[in-house]
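Those protein sequences? They're chains A and B, same order as listed. Going by the numbering used here, the letters in the first sequence line up with residues 2 to 465, in that order. Going by the numbering used here, the letters in the second sequence line up with residues 18 to 118, in that order. Even glycine gets a Cβ: it sits at the ideal position worked out from N, Cα and C. The structure appears below as structure tokens.
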Amino acid sequence: MTAVARLRNLGLGPDQSLKVLSASGQLGYGIPEKAYRAGLERRPHVICCDMGSVDPGPAYLGSGTMATSPEITRRDLQMVVSGALQLGVPLIIGTAGTAGAQPHLDATLDIVRSIAKSDGLSFRLAYIPADLPPAFVKAQAAAGKSRPLGGVAPLDSATIDGASHIVGQMGVGRLLAALETEPDIIIAGRACDTAVFAAVPWWLGYDKALAMHMAKIIECTSLCCVPGGRDAMLATLKRDSFVLESMNPARANTPLSVAAHSLYEQADPYRVYEPEGVLDIASARYEAVDERRTRVSGAVWHPAEALTIKIEGAERVGERAILCAASCDPRVIERAEIITAEVEAMVAEIVPPQPEPYQIFFHIYGKGAVSLFPGTSGAPQPNEIFFLVECIAGTAEKAKTVVGVVKQFLLHHGFAGRLSTGGNIAFPFTPPEINAGSAYRFSIYHLLEVESDAELFPVMVEEI
Amino acid sequence: MMRLVDLAKVIRSKNAGPLHVTLDLMFSDQAGYDHAAASPSLGRAAIAGVYGIALEKVSVIPYPAAFAIKIVIDRPVIAGSPGDCDVYGAQQHRPLLEIEL
């Protein structure tokens, strides 16, 4: 009997306690082992993990690669696969392989199959791709069923064709469909973080709002504790509330720390938008059970009238090369912006930006390079500055050529008032010009209204 | 005058998706929260001034349940696009440290 079939046969419902173990909010970066083992000893009914996010930027979705190392990804997957199979409980993993597109899902599935082979494990695996066909996205956009988020441009055909991968964030519905196939393990491509953790509670008929609020908190494991951390978190859900407990005894869930977690990485601390509806936590209540546990209740779920999927796409914008250099000369530091502008003009004469265009970015650390906003001027002059010169061009050769020319002109530029005629900059090593791979950008970050998501996120079943 | 940095327990920034930066100010108790929430220095106009950006790019959301105030600002560059300088948006809280309440 599979783990999900066993769970179904238990006949759990809102009058019984349902224990959900959140093993990882970032599978592949290293699950803290002691707290995870403590979580297994509590005999959870399901183990859930999130494996990805847009947070690390567009490169992973664009290139189809994982942010996490193969070694630690395998370690973490081995821990959760073997833990779930030993307990005989379902394992659900969302946003496989950092960005949840086909190459990320395939790579994750390959590791899981390899673990099964090497450890002699057999199980039923359900997996759910999350890639959206460009033709479908175009059709929806043409039908007026898409809208951009924030300052992103409306969808057009060129943008859709330019994206190397387009994924949709699947909601709880597709995980419920996967549960119906009664697998042992579910691995989803791009999925809402919450859906992974709310699926089993919804499937068993627990309150949707409570389950979603619980999911929203435990998808970051013990981040909602004082002190916050990455240790496994156990949530125990009942009819009218859930209780949170970190599996590291040094971490406490307090009413304040749990309430404060609603702020984290959220633009709106009161509402969480999901494909199937909106979670409203303005009326949530947080009460201490004891020094380390908090009981949460009171959230409200508003079902949506139409199914809305958030879609993400990334496109390659060019190849990147960088130059690393620094200075401690007060005149170079004072005039750094003038020097770099003059150097850029000279570089444009040597390497004309047409017909092969390129972009140069001078990140001058020590002089405001970290700030996205202009409101940080007036800082005192630093003793040292670091030049991170970035070039994005059509080819890696061109990008490296440009930073190479920048290097030589920055080193020897005879700016007004110069003392340092031996060289304006210091290099920490040679070669100081480094190819940094392809550069990407998020080109699609839109909402798509769909009639049904069943065909977009098909459930595949494999006996391993 | 009291400086925000002396009253707040946490002053942090982070992306809220690739299009926004969220700045969270958290206080130790009700009194600290009330003092900050009442200060015009943490109003939308003041924050827009401190960051050097237009008023319509700023929202300020009180969150008394956690003695916190959330400020949300549009990112001038989508996270990770060419020209970005803070992919996670984790280092954009600096201008808040200068604020006097």
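Per DSSP, Ala25 (chain B) is one residue of the beta strand (DSSP E) stretching across Ala25 to Asn32. Using a Cβ distance threshold of 8 Å, Met171 (chain A) and Phe458 (chain A) count as a contacting pair. Cβ atoms of Gln79 (chain A) and Ile116 (chain A) come within 8 Å of each other, at about 5 Å.
Taking Lys408 (chain A) as reference, the option from A:Ala326, A:Asp232 and A:Ser23 with the minimal CA-CA separation is A:Ala326. The beta carbon of Tyr50 (chain B) does not come within 8 Å of any beta carbon belonging to chain A, so the residue lies off that interface. Between Val403 (chain A) and Arg317 (chain A), the alpha-carbon positions lie close to 19 Å from each other. When the five nearest sequence neighbours on each side are left out, the beta carbons in the same chain lying within less than 8 Å of the beta carbon of Asn10 (chain A) are those of Met2, in order along the chain. Under the Cβ distance rule, Met43 (chain B) counts among the residues neighbouring chain A, one pair being separated by less than 8 Å. Using beta-carbon distances, Val333 (chain A) does not count as an interface residue toward chain B, since no partner is under 8 Å. By the Cβ rule, the segment 23–35 of chain A does not count as touching the segment 70–85 of chain B, because fewer than three pairs are nearer than 8 Å. Judged by their CB atoms, Ala164 (chain A) and Ser421 (chain A) are not nearer to each other than the 8 Å cut-off. By the neighbour-count definition (other C-beta atoms within 10 Å, threshold 16), Ser119 (chain A) is an exposed residue.
Taking all protein chains in view, the Cβ of Glu398 (chain A) is surrounded by fewer than 16 other Cβ atoms within 10 Å, so the residue is classified as exposed.
DSSP places Leu8 (chain A) within a helical segment (H, G or I) once states are collapsed to three.
Scanning chain A for C-beta atoms nearer than 9 Å to the C-beta of Asp103 (chain B) yields Val371, Ser372 and Leu373, reported in chain order. Within chain A, Ser372, Leu373 and Phe374 have C-beta atoms less than 8 Å from the C-beta of Gln109 (chain B), given in sequence order. In the structure shown, Pro184 (chain A) falls within a coil segment according to DSSP collapsed to helix, strand and coil. Segment contact: the segment 90–106 of chain A against the segment 123–134 of chain A, three or more CB-CB distances shorter than 8 Å; contact assigned. In the three-state DSSP reduction, Ile351 (chain A) falls in the helix class (H, G or I).
Remark: C-beta atoms of Ile218 (chain A) and Val279 (chain A) do not approach each other more closely than 8 Å. Within 9 Å of the CB of Tyr446 (chain A), the CB atoms of chain B belong to Gly34, Pro35, Leu36 and Ile95, in sequence order along the chain. The segment 80–92 of chain B makes contact with the segment 34–44 of chain B; the number of CB pairs closer than 8 Å reaches 3 or more. At least one CB atom of chain B sits nearer than 8 Å to the CB of Glu266 (chain A). DSSP, read as helix, strand or coil, puts Cys225 (chain A) in helix. According to the DSSP assignment, Arg294 (chain A) belongs to no alpha helix (DSSP H) but to the beta strand (DSSP E) extending over Arg294 to Ser298. The continuous alpha helix (DSSP H) containing Thr160 (chain A) extends over residues Ser158 to Gly163.
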